[in-house]
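So the structure is just underneath, and the comments pick up after that.
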């Protein structure tokens, strides 16, 4: 046994030391996956395998960078640098740059970003005879083309497999889209895999060259691979079959990106004679947390059997807490975080994480943390009130209250698109300079509209009239949430989100965030002693935003983490709160409709296994939905957490009232702060 293998536990050493032939390493959460990968490469180098023959592929640049850094600590950094480590797409780009001419491209090709793709798709749809102005679903076309490419289908193949009129139209658009990409010497993201597969298929000598160069393949996060990646890997290993894949089917949570869990589930069938090594010793969590995780994931049928265990002690049982509503849930969590931190002198804010299924759930949590002056940072997202869709909605409302607010008008004029081109904006600016009339007022004037197309003129007049109508409605205080919904629908903002955010899933998430914004307005109304005006709310909103800005450096330091469960994968925290375990939230309503409950359960498993010492799972008895308070049923997932693995205390049993000393200290801190400001 090499020195490297002697530093691993028996299962890890088995995984790292089996160099030849196909190997599946089932690395459960917290079992030392990255350590096994880097020690495996170090071991291979120590037994004389040239670094140039080793190819390691993963899914993020961060993961590849971490592997390289760890490897450089184990072996000569110059040797480590000669090992090829990177993402699938970076590997494919490297090959395509070298072999571009064989496929009819120039080596200097560019990668089309999302906005480039949308522009080209619109042109392609026009060339295919589709009227894109009448709600043609370009986002769905883009998604369909992406699926075809990930299944290694070119336009001619897509036409053969099209099942209905819509798919036939998509296939025709796909054909024109590819022609436009090629004309501009561009590739999109999915082309990278598609074209490498074509290169290897059409040019056997090229494939043979790369098979000879990379004799040992190592694939990280194998559960996230799609059909194209699987096929390329199978081509690359050739007859040598020196392939080691590392992954965890229980953490396969990206089917919506094209990941195919069958790649890891059926690995022994795909590669007969494969060795399977299970890493089940967890170095992260207490036994109580792992008992809950095992109870949850064990109910899934389609999985490799494994059971995590730990020698870190039993620890506290997982706690499941029911609260009265969403706001009460957020206040409980903020209170518990404050209480737990204050009771432990060694604790830091960064020890805590709050995880949720969907981004829109962060709003009440952010407000509760702000009220208790708890610093926080958002992973994979912006603060709720700084999100573009919220700022756009607020711009509409500000313009309603103050028709002189030209900046708000310029923000919303093309949101959603109304056919008012840059020429119209320039005309508004000139009109403002010459006549001093607010831009909103100019929109309603015949003089402004006479140089426009009939459609643009109609859009300008309609927008002006809606503002006039709702300005009158908002003169009466109260019923703000209902009136805001009516206003945002009348100006076309709510239904226009799909045209602003072309990706369907993105548009739906943005709509959920706008709905949550409306919930915030409704809750603001509930807290007022008299019916509020729109001006009252906007003033409250502006003060909240201005007073609660935090320094970026502080956010990156000692702060509570707020994150979706998806974005938390790969992270770990001493204390975790997983919120809103409610029917149609977690599991997500759409996943239930589409039959993806097993993936939702895997997502819950990922949330549980982020916790090291303590895990709190919360739900609300009722929750705001589009401005209305509605009952919320418990998630069916909670039925898996029996009394053997969890306890179910009342919120007030856990959250102690503030002691006299802590209240006195809080006031002392406030007076100190005021004293500093007055100096």
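Numbering (the UniProt record's numbering), first residue to last: 1 to 679.
We treat Cβ as the ideally placed atom computed from N, Cα and C, and that holds for glycine.
On the premise that residue j lies in contact with residue i, defined as a C-beta separation below 8 Å, what is that separation, rounded to the nearest angstrom?
{"i": "residue 59", "j": "residue 188", "result": "That pair is no contact at about 18 Å."}
{"i": "residue 302", "j": "residue 594", "result": "In fact, because the Cβ distance is near 16 Å, the residues do not count as touching under 8 Å."}
{"i": "residue 484", "j": "residue 521", "result": "6 Å"}
{"i": "residue 44", "j": "residue 214", "result": "Incorrect: roughly 13 Å between the Cβ atoms, too far for contact."}
{"i": "residue 92", "j": "residue 218", "result": "Residue 92 to residue 218, Cβ: 17 Å. No contact."}
{"i": "residue 295", "j": "residue 641", "result": "7 Å"}
{"i": "residue 32", "j": "residue 53", "result": "Wrong, their Cβ atoms sit about 25 Å apart, outside the cutoff."}
{"i": "residue 385", "j": "residue 488", "result": "Between residue 488 and residue 385 the Cβ distance is about 16 Å, and since that is not below 8 Å, they are no contact."}
{"i": "residue 562", "j": "residue 366", "result": "7 Å"}
Could you tell me whether the Cβ atoms of residue i and residue j are closer together than 7 Å?
{"i": "residue 680", "j": "residue 319", "result": "Residue 680 lies beyond the stretch modelled for the chain, which goes from 1 to 679, so this question has no answer here."}
{"i": "residue 408", "j": "residue 399", "result": "yes"}
{"i": "residue 613", "j": "residue 574", "result": "yes"}
{"i": "residue 609", "j": "residue 579", "result": "no"}
{"i": "residue 253", "j": "residue 504", "result": "no"}
{"i": "residue 278", "j": "residue 306", "result": "yes"}
{"i": "residue 247", "j": "residue 283", "result": "no"}
{"i": "residue 256", "j": "residue 558", "result": "no"}
{"i": "residue 114", "j": "residue 149", "result": "no"}
{"i": "residue 336", "j": "residue 655", "result": "yes"}
{"i": "residue 646", "j": "residue 317", "result": "yes"}
{"i": "residue 403", "j": "residue 446", "result": "no"}
{"i": "residue 577", "j": "residue 354", "result": "yes"}
{"i": "residue 496", "j": "residue 308", "result": "no"}
{"i": "residue 682", "j": "residue 326", "result": "Outside the modelled stretch of the chain, which goes from 1 to 679, sits residue 682, for which no answer is possible."}
{"i": "residue 461", "j": "residue 525", "result": "no"}
{"i": "residue 236", "j": "residue 185", "result": "no"}
{"i": "residue 334", "j": "residue 368", "result": "yes"}
{"i": "residue 227", "j": "residue 151", "result": "yes"}
{"i": "residue 502", "j": "residue 138", "result": "yes"}
Give every residue of the same chain whose Cβ lies closer than 6 Å to the Cβ of residue i, excluding the five residues on either side of it in the sequence, and list them in chain order.
{"i": "residue 456", "result": "419, 420"}
{"i": "residue 448", "result": "442"}
{"i": "residue 117", "result": "188"}
{"i": "residue 18", "result": "275"}
{"i": "residue 591", "result": "600"}
{"i": "residue 244", "result": "23, 218"}
{"i": "residue 632", "result": "582, 620, 622, 623"}
{"i": "residue 629", "result": "622"}
{"i": "residue 331", "result": "368"}
Could you pull the start and end residues of the beta strand (DSSP E) that residue i belongs to?
{"i": "residue 470", "result": "Careful: residue 470 lies outside any beta strand (DSSP E), inside the alpha helix (DSSP H) at 454-473."}
{"i": "residue 560", "result": "560-564"}
{"i": "residue 54", "result": "54-58"}
{"i": "residue 139", "result": "Looking at the DSSP string, residue 139 is not in any beta strand (DSSP E); the run it does join, the alpha helix (DSSP H), is 138-150."}
{"i": "residue 574", "result": "573-578"}
{"i": "residue 243", "result": "243-247"}
{"i": "residue 617", "result": "611-625"}
{"i": "residue 278", "result": "275-279"}
{"i": "residue 377", "result": "376-379"}
{"i": "residue 323", "result": "318-325"}
{"i": "residue 631", "result": "628-631"}
{"i": "residue 352", "result": "352-356"}
For the alpha helix (DSSP H) containing residue i, name the first residue and the last one.
{"i": "residue 92", "result": "88-99"}
{"i": "residue 608", "result": "597-608"}
{"i": "residue 25", "result": "Where residue 25 is concerned, there is no enclosing alpha helix (DSSP H), although the beta strand (DSSP E) it sits in stretches over 23-27."}
{"i": "residue 230", "result": "227-237"}
{"i": "residue 214", "result": "Note, residue 214: premise wrong, no alpha helix (DSSP H); not H, not E."}
{"i": "residue 12", "result": "10-17"}
{"i": "residue 198", "result": "191-202"}
{"i": "residue 403", "result": "Per DSSP, residue 403 belongs to no alpha helix (DSSP H) and is neither H nor E."}
{"i": "residue 33", "result": "33-46"}
Counting only the same chain and skipping the five closest in sequence on each side, list residues whose C-beta sits under 7 Å from that of residue i.
{"i": "residue 175", "result": "155"}
{"i": "residue 477", "result": "531, 532, 533"}
{"i": "residue 124", "result": "173, 176, 177, 180"}
{"i": "residue 96", "result": "192, 195, 196"}
{"i": "residue 545", "result": "Reliability fails at residue 545, whose pLDDT of 43 lies under 50, so the model's placement of it is uncertain and the value that follows must be treated cautiously. Hits under 7 Å: 385."}
{"i": "residue 405", "result": "398, 399"}
Can you list, in chain order, the residues of its chain with a C-beta nearer than 8 Å to that of residue i? Leave out the 5 residues immediately preceding and following it.
{"i": "residue 465", "result": "444"}
{"i": "residue 555", "result": "Bear in mind that a pLDDT of 44 at residue 555, under 50, signals an unreliable position, so the model cannot answer this."}
{"i": "residue 162", "result": "168, 170, 171"}
{"i": "residue 70", "result": "34, 35, 38"}
For the ligand NAD, I want to know if residue i counts as a neighbour, meaning its beta carbon is within less than 6 Å of at least one of the ligand's heavy atoms.
{"i": "residue 532", "result": "No copy of the ligand NAD appears in this structure; indeed no ligand is present at all."}
* Asked: Below 8 Å, can you find three or more Cβ-Cβ pairs linking the segment 168-182 to the segment 73-82?
  -> no
* Asked: Is there contact between the segment 624-640 and the segment 341-354, where contact requires at least three CB pairs shorter than 8 Å?
  -> no
* Cβ contact check for the segment 286-300 and the segment 619-626: 3 or more pairs under 8 Å -> no
* Asked: Are the segment 382-391 and the segment 508-526 touching, with three or more C-beta to C-beta distances below 8 Å?
  -> yes
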